[in-house]
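Residue numbers (this note's numbering): 314 to 375. Below: one structure, written as structure tokens.
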């Protein structure tokens with residue numbers, strides 16, 4: 314995976330995860346599945362995801 318592909322992947326993943334957390338917080342099973350998948354990401358991909366997700370959360374709480 315190229316750096317650009319990894320960036321696009323983590324952007325899409327973090328955006329989708331933020332939507333799920335916001336709209337489906339009552340569905341603990343779905344959130345648990347997503348959390349499990351996120352834990353299995355390669356470290357560099359996971360780090361990119363976490364940075365982008367944190368940015369999205371900060372933006373939405375402003």
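Glycine residues also receive a C-beta, built at the ideal position from the N, C-alpha and C atoms. Here the structure is a predicted model, which is why all the values come from computation and not from measurement.
Return helix, strand or coil for residue i, following the three-state DSSP convention.
i	result
residue 353	coil
residue 324	helix
residue 340	coil
What is the rounded straight-line gap between the Cα of residue i and the Cα of residue j?
i	j	result
residue 339	residue 318	32 Å
residue 362	residue 344	16 Å
residue 372	residue 366	10 Å
residue 330	residue 369	10 Å
Among the options, which one has its Cα closest to the Cα of residue i?
i	options	result
residue 322	351, 343, 345	351
residue 315	368, 371, 358, 370	358
residue 327	374, 356, 347	347
residue 374	354, 356, 335	335
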